[in-house]
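S.K.: There's a structure below that I have some questions on.
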Amino acid sequence: MPPATPQPNVRVVTLRIDGRDVSAREDETILEVCRENRIEVPSLCQLDGLSVWGGCRLCMVELAGQGRLFAACATRVAEGMEVSTNTERLRHYRRLILELLFAERNHVCSVCVSNGHCELQALAQRCGVDHVRLPYRQARYPVDSSHEMFRLDHNRCVLCTRCVRVCDEIEGAHTWDVMGRGSDCLVITDMAQPWGASGTCTSCGKCVQVCPTGALVKQGTSVGEMVKDQHFLPILARRRHLA
Amino acid sequence: MSLERAKPPLPDEDKRWKLVNATMRRNGYADHALIETLHSVQDAFGFLDETSLHFVAASLDLPLSKVYGVATFYHLFTLKPKGRHSCVVCTGTACYIKGANALVEGLRERYAINPGETTEDGHLSVLTARCVGACGLAPAVVIDGEVLGRLDTPDLIERLDTLPDPEPTPASHRPPTTSH
Amino acid sequence: MNLDDLDDLASEFRNAERDVERELRVCMAASCQSSGARPVFDSLEAQLKTDPHPGCRLKGVGCMGLCSAGPLVAITPPEAGIEEGLLYREVKPEDAPELVASLDGPPVEHLRCPTDQPFFARQQRIVLEQCGRIDPDSFEDAVAHGGYAGLVRALSELTPAEVLRELTASGLRGRGGGGYPTGLKWSTIAKMPAGQKYVICNADEGDPGAFMDRAVLESDPHRVLEGMAIAAYAVGANKGYVYVRAEYPLAVERLTTAIRKARRAGFLGGRVADTQFAFDIEIRLGAGAFVCGEETALMASIQGLRGQPRPRPPYPAESGLWGCPTLINNVETFANVPAILRRGGDWFASIGTQGSKGTKVFALAGAIVNTGLIEVPMGTRLRDIIEVIGGGIPGGRAFKAVQTGGPSGGCIPAEHLDTPVDYDSLKSLGAIMGSGGMIVMDETSSMVDVARFFMEFCMTESCGKCVPCRAGTWQMHALLDKIAKAEACRADLELLETLCDLVSATSLCGLGQTAPNPVLSTLRYFRDEYEAKLQGDPTP
């Protein structure tokens with residue numbers, strides 16, 4: 004008998020998402036499969052090409068037979084899974100989480116450089132957040148303009164850590180990290196010193212491009228001008244993966 | 047192929063760096079020794095300053111921001127020098143029920159400092175801890191590493207006021223004390 | 009080495025002490041030390057030098073349980089429990105001459121603490137069986153009292169699969185709070201392909217008001233090492249970590265000593281008890297982060313990272329420390345294992361209730377006469393624990409609630425005091441077993457205030473990774489603060505309940521998922537106090 008041709012060790016499974024039968028590779032996450040099938044699931048911290056973070060909790064979905072909710076970005080598909088991505092309960096939670104984000108820092112869209120190009124703003128519009136019921140925290144945060152090309156505004160940061168991950172995983176510089184804990188968390192460069200004084204920053208600008216809000220922007224952009232371009236990322240990530 | 051990175055020189059002549067180095071060597075300079083190493087820095091120097099964080103980052107070949115992120119995540123690590131004496135008020139549940147808040151308030155009134163702060167003359171640091179495990183003695187206070195139970199505010203203040211104040215030494219020469 | 013060899017070793021250690029007729033045991037655990045046990049020990053030692061009593065041995069031991077009466081001194085025959093001897097409470101250094109003199113005469117009545125009181129008589133000790141009896145720094149004392157017999161039995165008489173069967177038969181459930189069946193957890197890791205596996209002991213006892221694990225580590229550290237070694241044998245691991253709070257310096261010191269002595273005696277290291285089995289243990293210190301009690305955060309911390317949890321699955325059993333299969337149990341769980349191996353899973357399963365087997369250690373604190381450490385069979389009624397063993401509420405005040413499970417738990421009111429304590433009954437009351445802290449509150453405690461206290465705890469201990477926990481606990485704390493100050497309106501209370509639901513449903517880890525529990529349980533049983541605050545009642 005001839006030896007069997009070696010098969011790549013990945014199985015294909017079928018599952019139902021919002022009543023639709025779909026097939027997927029076993030190593031894919033629910034979110035990836037949703038995106039492939041044009042099923043819109045909101046998410047903020049997830050970005051193709053970067054490691055899974057699972058912090059924003061916007062992509063939570065319901066699985067039939069399971070009491071708790073699952074983050075679609077961090078959950079692999081399985082044979083026979085029944086996923087609901089858009090129930091009344093999930094929509095209610097998503098609205099609240101977005102409200103929590105708005106109230107946590109000083110997000111005021113009308114004066115933001117990313118107005119109109121902001122993922123947080125777009126999500127809020129999509130999820131029907133037309134006002135915020137929660138009181139704003141009103142904590143004062145600094146703005147760091149010391150870098151000659153870029154600017155960091157903590158008031159607009161949602162702590163998604165995309166900048167930290169892209170800097171470490173794609174650029175390999177690991178200039179960014181998060182300091183502190185709880186609502187005192189801040190993204191920092193090196194030892195929380197001014198960005199412009201960082202000895203490790205390569206000024207590649209990837210962090211600025213992946214930032215979903217107006218927290219990291221190019222110097223010299225005024226209200227509503229900062230357009231982000233993230234298309235280079237998956238390509239780079241794939242190349243990194245192959246290497 | 048692996049390139050052995052040269053280890054950075056000790057920041058200065060201080061012998062305590064050897065203790066820090068010993069901890070890292072014992073762990074093979076592995077990145078996962080970071081927290082152990084920060085503990086040994088704090089044991090030796092009383093707090094973590096920028097020099098020591100730079101030294102640890104270079105020795106363990108870790109990004110500066112990562113070291114700083116870890117040092118600020120854990121409440122036990124302090125980046126500021128401590129006072130010559132420390133007073134840790136336990137704010138665990140049992141102590142809370144038995145009036146730990148009154149102690150914190152009393153200290154605030156008497157010394158004008160909040161938990162986590164040190165008096166201007168560097169005499170006393172006031173800290174709070176999440177349960178020192180002496181719930182049978184609630185409310186518990188740890189003064190310079192010694193656990194004292196069932197104190198009320200006047201008792202506590204009297205004890206703190208009578209703490210000896212020897213020749214003011216740099217805070218970093220104090221042995222480590224329990225903190226939160 | 010087989011059980012006979014170990015028995016010979018134990019007899020040898022006992023023989024070395026055969027001249028000892030009585031022991032003067034001084035509790036040297038942290039709580040008694042903070043009430044002044046060290047000077048008592050020193051003055052007894054000095055007194056025994058000036059007034060020698062051959063046949064009497066002074067011994068520092070671990071926790072005897074009744075912390076509120078410390079420093080405790082027991083005078084007992086060797087091998088005996090404190091119930092069989094004399095117990096003295098609140099001993100001062102100047103009492104030493106009188107105590108030593110009493111060795112030849114009648115007991116010192118004014119210091120006596122009766123040992124037939126329910127606090128001692130109603131307990132059943134498995135985990136704490138040697139606490140307060142053995143010298144925690146002595147390997148010989150541990151072995152002389154049956155230490156390592158479970159491990160030697162496992163290694164010399166049982167296959168790993170048989171150890172797993174004993175554990176499964178015992179019905180032991182995780183004592184850290186979740187109550188996951190231990191046998192099932194071990195079997196999952198044992199089934200993972202052979203290779204590098206780890207065993208971790210979670211000694212990051214973060215619940216404020218809980219000190220069970222601390223007492224076990226300070227009083228009988230070898231028992232925990234033995235439990236970990238048995239686990240490692242059963243699941244095929246050769247490396248273990250104890251992740252212990254740096255706030256427990258005495259526990260760390262005794263554990264370090266115990267590991268060193270166990271290694272020297274050949275019960276840890278390359279050939280454990282002269283078999284092919286290799287297992288070694290290292291200590292990792294926490295650094296003040298409650299969230300590190302969560303297993304994925306704990307592993308991140310051992311790996312030198314920020315203690316932030318990650319989504320599960322994959323569970324640690326599949327991908328844990330450095331991506332290897334990892335078993336994590338807490339101190340009390342491991343401390344149960346040697347007894348199960350020595351006496352059999354069926355014996356253990358005969359204790360407790362249908363769904364919860366064995367005993368549970370509780371730390372009693374707050375408004376209660378006997379604060380301290382107790383161990384009772386699962387299924388003991390809360391009323392027995394609080395009113396009989398705990399001695400009730402001091403100062404003639406009325407009982408209001410008992411808080412179990414710390415910041416993840418809830419408050420149980422008087423009408424449910426007849427509930428038998430087990431995992432499922434507490435859960436149905438909106439509380440949880442938790443790790444075993446029980447804080448009793450009397451009528452002077454405001455339940456809104458208690459809820460605010462726990463929410464403040466969760467807010468400052470949130471790691472900051474996920475939005476519902478990071479921002480939600482802040483909002484809930486602000487609302488509770490507003491309610492407590494009687495500045496809130498009904499819409500605030502509704503918003504609070506909405507946020508409770510969100511945070512528990514969507515948070516990443518157990519800390520956030522359970523953070524609303526203290527609010528929900530006080531709302532369930534003490535809603536009138538919230539209502540009074542809404543009506544503008546400013547009393548604290």
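Protein chains in written order, with the numbering used here: chain A, 4 to 246; chain B, 47 to 226; chain C, 9 to 548.
The C-beta atom is built at its ideal place from N, Cα and C for all residues, glycine as well.
#1: Name the residue from C:F287, C:M307 and C:G315 whose alpha carbon lies nearest to the alpha carbon of V299 of chain C.
#2: Relative to the C-alpha of G445 of chain C, which residue among C:A88, C:D215, C:L293 and C:D500 is closest?
#3: Checking the sheet assignment: what are the DSSP bridge partners for C466 of chain C?
#4: If the cut is a Cβ gap below 8 angstroms, which residues of chain C does L194 of chain B touch?
#5: Is it buried or exposed for Y533 of chain C, if we count other Cβ within 10 angstroms and need 16 for buried?
#6: Would A106 of chain A pass as a contact of P138 of chain A if the rule is Cβ separation under 8 angstroms?
#7: Taking CB distances under 8 angstroms as the criterion, tell me whether S529 of chain C reaches chain B.
#8: Could you compute how far the alpha carbon of H226 of chain B sits from the alpha carbon of G278 of chain C?
#9: Are the C-beta atoms of L99 of chain A and some chain C residue less than 8 angstroms apart?
#10: DSSP puts L170 of chain B in a beta bridge; with which residues?
#11: I need the DSSP call for W198 of chain A, collapsed to helix, strand or coil.
#12: Assign Q411 of chain C to one of three DSSP states: helix, strand, or coil.
#13: Using a Cβ-Cβ cut-off of less than 7 angstroms, give me the residues of the segment 172-198 of chain A that come near chain B, in sequence order.
#14: Looking at the C-beta of I208 of chain C, does it have a partner C-beta in chain B at a distance below 8 angstroms?
#15: Within 8 angstroms (strictly less), CB to CB, does P526 of chain C reach chain D?
#16: Anything in chain A within Cβ reach of F119 of chain B, meaning under 8 angstroms, just list it in chain order.
#17: Out of C:C466, C:L531 and C:F147, state which residue places its alpha-carbon closest to the alpha-carbon of R176 of chain B.
#18: In the DSSP assignment, what are the bridge partners of D450 of chain C?
#19: Run the CB neighbour count on K64 of chain B, radius 10 Å, all protein chains shown included, and call it buried at 16 or more, exposed below.
#20: May I ask you to list, following chain order, the residues of the segment 198-223 of chain A that have a beta carbon less than 9 angstroms from some beta carbon of chain B?
#21: I need the boundaries of the alpha helix (DSSP H) containing T118 of chain B, first residue and last residue.
#22: Skipping 5 residues on each side, what residues in its chain have a beta carbon closer than 6 angstroms to that of T530 of chain C?
#23: Which class does N12 of chain A belong to by DSSP, given the choice of helix, strand or coil?
#24: Going by beta-carbon coordinates alone, are A357 of chain C and G179 of chain C separated by less than 8 angstroms?
#25: If I follow the unbroken beta strand (DSSP E) through Y241 of chain C, where does it start and stop?
#26: Check whether the Cβ atoms of A239 of chain C and V207 of chain C lie closer than 8 angstroms to each other.
#27: For T123 of chain C, which residues in chain B fall below 7 angstroms Cβ to Cβ?
#28: By Cβ distance below 6 angstroms, which residues in the same chain neighbour G413 of chain C in space, the five residues on each side in sequence not counted?
#29: Quick one: which residues of the segment 99-132 of chain B get their C-beta closer than 7 angstroms to a C-beta of chain C? List them in chain order.
#30: Taking only three categories from DSSP, how would you classify R478 of chain C?
#31: Label V135 of chain B either buried or exposed according to how many other C-beta atoms from any shown protein chain fall within 10 Å of its C-beta, with 16 as the threshold for buried.
#32: So, does the segment 166-175 of chain C touch the segment 286-293 of chain C, judging by three or more C-beta pairs under 8 angstroms?
#33: Please give me, in chain order, every unbroken run of the beta strand (DSSP E) with length at least 3 that falls completely inside the segment 8-53 of chain A.
#34: Mapping the DSSP letters down to three states, classify N246 of chain C as helix, strand or coil.
#35: Would you tell me roughly how many angstroms separate the C-alpha atoms of E383 of chain C and L372 of chain C, rounded to the nearest one?
#36: Answer with yes or no whether the minimum CB distance from I20 of chain A to chain B is below 8 angstroms.
M.R.: Reading off the structure:
#1: C:G315
#2: C:D215
#3: None, per the DSSP bridge assignment.
#4: S42
#5: buried
#6: yes
#7: no
#8: Residue placement at H226 of chain B is poorly supported in this model, since its pLDDT is 40, which falls under 50; the coordinates are not used for a value here.
#9: yes
#10: B:H131
#11: helix
#12: strand
#13: H177, T178, W179, D180, V181, M182, G183, R184, I191, T192, D193, M194 and A195
#14: no
#15: The structure shown contains no chain D; its protein chains are A, B and C.
#16: M182, G183 and R184
#17: C:C466
#18: C:F407
#19: exposed
#20: S201, G202 and T203
#21: L110 to F119
#22: C419, M455 and A459
#23: coil
#24: yes
#25: Premise fails: Y241 of chain C lies in the alpha helix (DSSP H), P229 to V243, not in any beta strand (DSSP E).
#26: yes
#27: Simply none; closest approach about 18 angstroms.
#28: A439, I440 and G442
#29: G115, V116, F119, Y120, H121, L122 and F123
#30: helix
#31: buried
#32: no
#33: 15-20 and 23-28
#34: coil
#35: 11 angstroms
#36: no
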